[in-house]
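Residue 1 is where the sequence shown starts when you use the working numbering, and the numbers rise one by one after that. Glycine residues also receive a C-beta, built at the ideal position from the N, C-alpha and C atoms.
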Amino acid sequence: MPSPLGPPCLPVMDPETTLEEPETARLRFRGFCYQEVAGPREALARLRELCCQWLQPEAHSKEQMLEMLVLEQFLGTLPPEIQAWVRGQRPGSPEEAAALVEGLQHDPGQLLGWITAHVLKQEVLPAAQKTEEPLGAPTPQGQWSPLGKVPRTPE
(Lines of atoms letter the chains of each structure in order from A; the text may use other names.)
(Lines give C-alpha, C1' and ligand atoms only; values in the text may rest on other atoms or scores of the structure.)
Protein backbone atom coordinates (compact mmCIF):
# COMPACT_ATOMS: atom_id res chain seq x y z
CA MET A 1 0.00 0.00 0.00
CA PRO A 2 1.47 3.40 -0.92
CA SER A 3 2.50 5.56 1.97
CA PRO A 4 1.08 9.10 2.11
CA LEU A 5 4.63 10.24 2.84
CA GLY A 6 6.40 8.53 -0.03
CA PRO A 7 6.62 5.63 -2.46
CA PRO A 8 5.24 2.18 -1.72
CA CYS A 9 7.02 0.21 0.99
CA LEU A 10 9.22 -2.65 -0.10
CA PRO A 11 9.60 -5.71 2.13
CA VAL A 12 12.58 -5.65 4.47
CA MET A 13 15.22 -8.27 3.75
CA ASP A 14 17.91 -9.58 6.06
CA PRO A 15 21.17 -8.00 4.82
CA GLU A 16 23.23 -10.78 6.41
CA THR A 17 21.65 -13.56 4.38
CA THR A 18 20.64 -11.80 1.16
CA LEU A 19 22.87 -10.60 -1.62
CA GLU A 20 21.04 -8.21 -3.88
CA GLU A 21 21.73 -6.20 -6.98
CA PRO A 22 22.49 -2.49 -6.58
CA GLU A 23 19.16 -1.61 -8.23
CA THR A 24 17.23 -3.65 -5.67
CA ALA A 25 19.19 -2.04 -2.84
CA ARG A 26 18.50 1.40 -4.32
CA LEU A 27 14.78 0.66 -4.50
CA ARG A 28 14.78 -0.51 -0.88
CA PHE A 29 16.52 2.69 0.19
CA ARG A 30 14.19 4.91 -1.84
CA GLY A 31 11.10 2.92 -0.85
CA PHE A 32 11.73 2.93 2.90
CA CYS A 33 8.66 3.83 4.96
CA TYR A 34 8.77 5.41 8.38
CA GLN A 35 5.99 3.05 9.47
CA GLU A 36 8.38 0.09 9.18
CA VAL A 37 10.16 1.06 12.41
CA ALA A 38 9.33 2.11 15.97
CA GLY A 39 10.55 5.71 15.91
CA PRO A 40 12.75 8.40 14.39
CA ARG A 41 16.10 7.05 15.60
CA GLU A 42 15.27 3.58 14.33
CA ALA A 43 14.20 5.13 11.02
CA LEU A 44 17.47 7.01 10.72
CA ALA A 45 19.50 3.90 11.55
CA ARG A 46 17.54 1.85 8.99
CA LEU A 47 18.01 4.51 6.31
CA ARG A 48 21.77 4.51 6.95
CA GLU A 49 21.81 0.73 6.70
CA LEU A 50 19.83 0.73 3.45
CA CYS A 51 22.01 3.49 2.00
CA CYS A 52 25.17 1.50 2.79
CA GLN A 53 23.65 -1.61 1.18
CA TRP A 54 23.02 0.43 -1.96
CA LEU A 55 26.17 2.57 -2.22
CA GLN A 56 28.52 0.00 -0.60
CA PRO A 57 31.09 2.50 0.76
CA GLU A 58 33.41 -0.37 1.72
CA ALA A 59 33.65 -1.37 -1.96
CA HIS A 60 33.24 1.96 -3.80
CA SER A 61 35.25 5.17 -3.81
CA LYS A 62 33.65 8.54 -3.10
CA GLU A 63 33.76 9.30 -6.82
CA GLN A 64 31.97 6.04 -7.66
CA MET A 65 29.26 6.73 -5.08
CA LEU A 66 28.79 10.25 -6.46
CA GLU A 67 28.46 8.78 -9.95
CA MET A 68 25.76 6.41 -8.67
CA LEU A 69 23.85 9.35 -7.20
CA VAL A 70 24.24 11.45 -10.35
CA LEU A 71 23.11 8.52 -12.51
CA GLU A 72 20.02 8.02 -10.37
CA GLN A 73 19.18 11.73 -10.47
CA PHE A 74 19.71 11.88 -14.25
CA LEU A 75 17.46 8.88 -14.82
CA GLY A 76 14.84 10.48 -12.57
CA THR A 77 14.69 13.52 -14.84
CA LEU A 78 13.79 11.46 -17.91
CA PRO A 79 10.22 10.77 -19.07
CA PRO A 80 9.00 7.44 -17.59
CA GLU A 81 9.17 5.44 -20.83
CA ILE A 82 12.69 6.60 -21.62
CA GLN A 83 13.78 6.11 -18.01
CA ALA A 84 12.49 2.52 -18.02
CA TRP A 85 14.24 1.78 -21.31
CA VAL A 86 17.56 3.27 -20.17
CA ARG A 87 17.39 1.46 -16.81
CA GLY A 88 16.77 -1.76 -18.74
CA GLN A 89 20.05 -1.21 -20.59
CA ARG A 90 21.86 -1.06 -17.21
CA PRO A 91 24.16 1.89 -17.87
CA GLY A 92 27.33 1.82 -15.80
CA SER A 93 27.75 5.59 -15.63
CA PRO A 94 25.85 8.83 -16.16
CA GLU A 95 27.78 9.33 -19.41
CA GLU A 96 26.68 5.94 -20.70
CA ALA A 97 23.06 6.78 -19.80
CA ALA A 98 23.33 10.10 -21.64
CA ALA A 99 24.75 8.30 -24.69
CA LEU A 100 21.80 5.89 -24.64
CA VAL A 101 19.36 8.82 -24.58
CA GLU A 102 21.25 10.48 -27.43
CA GLY A 103 20.95 7.24 -29.38
CA LEU A 104 17.19 7.32 -28.87
CA GLN A 105 17.10 10.85 -30.26
CA HIS A 106 18.73 9.57 -33.45
CA ASP A 107 16.58 6.41 -33.64
CA PRO A 108 13.21 6.97 -31.89
CA GLY A 109 11.89 3.76 -33.43
CA GLN A 110 14.11 1.85 -31.00
CA LEU A 111 12.11 3.21 -28.05
CA LEU A 112 8.79 2.70 -29.82
CA GLY A 113 9.69 -0.95 -30.44
CA TRP A 114 10.66 -1.39 -26.79
CA ILE A 115 7.43 0.23 -25.57
CA THR A 116 5.44 -2.01 -27.90
CA ALA A 117 7.23 -5.13 -26.68
CA HIS A 118 7.49 -4.36 -22.96
CA VAL A 119 4.83 -1.85 -21.99
CA LEU A 120 1.90 -2.56 -24.28
CA LYS A 121 2.74 -6.27 -24.57
CA GLN A 122 -0.21 -8.26 -25.79
CA GLU A 123 -2.57 -5.30 -26.00
CA VAL A 124 -0.92 -4.48 -29.34
CA LEU A 125 -1.29 -7.93 -30.87
CA PRO A 126 -5.10 -8.15 -31.07
CA ALA A 127 -5.30 -4.63 -32.54
CA ALA A 128 -2.61 -5.44 -35.10
CA GLN A 129 -4.59 -8.45 -36.31
CA LYS A 130 -7.55 -6.25 -37.34
CA THR A 131 -7.77 -4.49 -40.69
CA GLU A 132 -5.71 -1.33 -40.36
CA GLU A 133 -5.54 2.10 -41.92
CA PRO A 134 -2.19 3.61 -42.91
CA LEU A 135 -0.05 5.63 -40.52
CA GLY A 136 -1.41 9.11 -39.87
CA ALA A 137 -4.93 8.30 -40.98
CA PRO A 138 -7.80 10.11 -39.28
CA THR A 139 -9.82 8.13 -36.78
CA PRO A 140 -13.61 7.97 -37.09
CA GLN A 141 -13.78 10.81 -34.57
CA GLY A 142 -11.61 12.96 -36.85
CA GLN A 143 -8.48 12.72 -34.66
CA TRP A 144 -5.10 11.82 -36.12
CA SER A 145 -3.00 8.91 -34.96
CA PRO A 146 0.67 9.78 -35.50
CA LEU A 147 2.16 6.78 -33.65
CA GLY A 148 0.87 3.89 -35.68
CA LYS A 149 -1.92 2.26 -37.54
CA VAL A 150 -5.48 2.62 -36.36
CA PRO A 151 -7.91 -0.30 -36.44
CA ARG A 152 -10.79 0.24 -38.85
CA THR A 153 -14.20 0.23 -37.37
CA PRO A 154 -16.87 -1.58 -39.36
CA GLU A 155 -19.22 0.88 -41.03
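Using the Cα positions of residue i and residue j, report the straight-line distance between them to the nearest angstrom.
i             : j            : result
aspartate 107 : glutamine 35 : 45 Å
leucine 159   : arginine 30  : Lying before the first or after the last residue shown, residue 159 is absent from the chain, which here runs from 1 to 155.
glutamine 89  : leucine 111  : 12 Å
glutamate 102 : glutamate 58 : 33 Å
methionine 65 : serine 93    : 11 Å
glutamate 132 : alanine 38   : Reliability fails at glutamate 132, whose pLDDT of 45 lies under 50, so the model's placement of it is uncertain and no value is given.
histidine 60  : proline 22   : 12 Å
proline 79    : alanine 117  : 18 Å
Thinking just about the alpha-carbon of each residue, which of the options is nearest to the one in residue i?
i                : options                        : result
glycine 113      : Ala25, Leu71 and Glu81         : Glu81
alanine 98       : Thr24, Thr77, Leu47 and Glu23  : Thr77
threonine 24     : Gln64, Pro94 and Cys52         : Cys52
phenylalanine 74 : Val86, Leu50 and Pro57         : Val86
leucine 50       : Glu102, Lys62, Gly39 and Cys33 : Cys33
alanine 84       : His60, Arg28, Lys62 and Ile115 : Ile115
Quick check on DSSP: helix, strand or coil for residue i?
i           : result
proline 108 : helix
arginine 87 : helix
valine 37   : coil
glycine 92  : coil
glycine 31  : coil
Let me see if you follow: with CB-CB separation under 9 Å, is residue i close to chain D or not?
i          : result
proline 91 : Protein chains in the displayed structure number just one, and chain D is not present.
Legend entry - Cβ contact (3+ pairs, closer than 8 Å) linking the region 36 to 49 and the region 57 to 77: no
Inset, instruction - Please specify which runs of the beta strand (DSSP E), each continuous and at least 3 residues long, are wholly inside the region 41 to 88, giving them in chain order. - result: none
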